[in-house]
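Asker:
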Amino acid sequence: MTEPAERPVRRWPLIPTLLVLAAVAVMIALGVWQLQRKSEKEALIALYQRNMAMSSLVAYPELPPVEDSFLYRKSSIVCLEPVRWDPRSGTDRKGKSGIRMIADCRTGVEGPGVLVDVGIGDDFAPPKWGGGTVQGTIVPGPEQPTVMARAMGKAVPARAMLVADAPVANLRPSGVPSADDTPNNHLAYAVQWFLFAAAALVIYILAVRRRLRP
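In terms of our numbering, the sequence shown opens at residue 21 and continues consecutively.
1. Is it the case that the Cβ atoms of Thr-153 and Val-98 are separated by a distance below 8 Å?
2. Need the endpoints of the alpha helix (DSSP H) that Leu-226 sits in, please.
3. Go through the segment 31-109 residue by residue and report every complete run of the beta strand (DSSP E) that reaches 3 residues or more, in order.
4. Can you tell which of Thr-111, Arg-233, Leu-221 has its C-alpha closest to the C-alpha of Ile-48?
5. Compute the distance between the beta-carbons of Val-188 and Pro-147, then report whether it is under 8 Å.
6. Is Ala-63 near the ligand ADP, in the sense that its beta carbon is under 7 Å from a heavy atom of that ligand?
7. Among Leu-67, Pro-162, Leu-38, Arg-126, which has the Cα closest to the Cα of Ala-180?
8. Smallest Cα separation from Arg-192: which of Phe-216, Ile-223, Phe-214, Gly-118?
9. Of the choices Thr-111, Lys-116, Gly-128, whose alpha-carbon is the least far from that of Asp-137?
10. List the DSSP bridge partners of Asp-124.
11. Select from Met-121, Asp-142, Ser-198 the residue whose C-alpha is nearest the C-alpha of Leu-67.
12. Measure from the alpha carbon of Asn-205 to the alpha carbon of each residue in Lys-61, Lys-94, Ile-225, Met-121, then state which is nearest.
13. For Asp-142, which residues of its own chain have a beta-carbon under 8 Å away from its beta-carbon, when the five flanking residues on both sides are left out?
14. For Pro-102, does the count of other Cβ atoms within 10 angstroms reach 16, so buried, or fall short, so exposed?
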């Protein structure tokens, strides 16, 4: 009698396995990077909180980008003339919604000027305000670069904005952004990347084991 031929030994596919392991390694690296970003963001929020506790005035940083040490500090500027108005939705300090009146102020012959939030109104009509001295809090401006623009290196440095302590006539004081409003979702992103890596590895192992099963 002839002996039955031995079945060929099935081995793990080399190239697909290497590709999956490389993808898993990238996902784990992204998770670790998010954990590092979490620590950096926590340090940044702590800096902002210290800035908010300071009452002394700093010179307004007219040229972007604005250093983190200036954000949420008190400052004062002289608006020679509002050259443009940018009404946007916002809330006053009591939480009531309205239209935030942002003036693009001329402060000298040259330079980009200063963005000033002079208060909250009930409609889009700009206030009758010709300028003057404004004291308030330095916050990130309304136009911030997107994540995609930053990743592609095409981000334009964002201008800061001064939220006036006292509104101009017929407006309500605008709510001042807090350091606590700074998003810090890096831990959640890290967990997602680690879960993606684990899921990819488990799914691949199960698929290959099913394929190798006699």
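Backbone N, C-alpha and C define an ideal beta-carbon position, used for all residues, glycine too.
Answerer: For this structure:
1. Counting from 1 along the sequence shown, the entry for residue 153 is found at position 133. Counting from 1 along the sequence shown, the entry for residue 98 is found at position 78. Yes.
2. Residue 226 sits at position 206 when you count from the first residue of the sequence shown. 206-232 is the extent of the alpha helix (DSSP H) around Leu-226.
3. 94-99
4. Walking along the sequence shown from the start, residue 48 turns up at place 28. For Ile-48, the nearest C-alpha among the options comes from Leu-221.
5. Sequence index remark: in the sequence shown, residue 188 carries index 168 (1-based). Sequence index remark: in the sequence shown, residue 147 carries index 127 (1-based). Cβ distance < 8 Å, so Val-188 and Pro-147 count as in contact.
6. Among the ligands in the structure shown, none appear at all, so the ligand ADP cannot be discussed.
7. Position 160 of the sequence shown, counted from the first residue, corresponds to residue 180. When only C-alpha atoms are compared, the closest one is Pro-162.
8. Within the sequence shown, numbered from 1, the residue matching residue 192 stands at position 172. Looking at the Cα atoms, Gly-118 is the closest of the given residues.
9. In the sequence shown, residue 137 corresponds to position 117, counting from 1. Among Thr-111, Lys-116, Gly-128, the Cα nearest to that of Asp-137 is on Thr-111.
10. To locate residue 124, count along the sequence shown from 1; it is residue 104. DSSP, once it has assigned bridges, lists Arg-104, Leu-135 as partnering Asp-124.
11. For the purposes of this step, residue 67 is taken as the residue at position 47 of the sequence shown. Answer by Cα proximity: Ser-198.
12. Stepping through the sequence shown from its first residue, residue 205 is reached at position 185. The option with the nearest alpha carbon to Asn-205 is Lys-61.
13. Translated into the one-based positions of the sequence shown, residue 142 becomes position 122. Answer for Asp-142: Gly-118, Ile-119, listed in chain order.
14. Here residue 102 refers to the residue found at position 82 when the sequence shown is read from its first residue. With 16 or more other Cβ atoms within 10 Å, it is buried.
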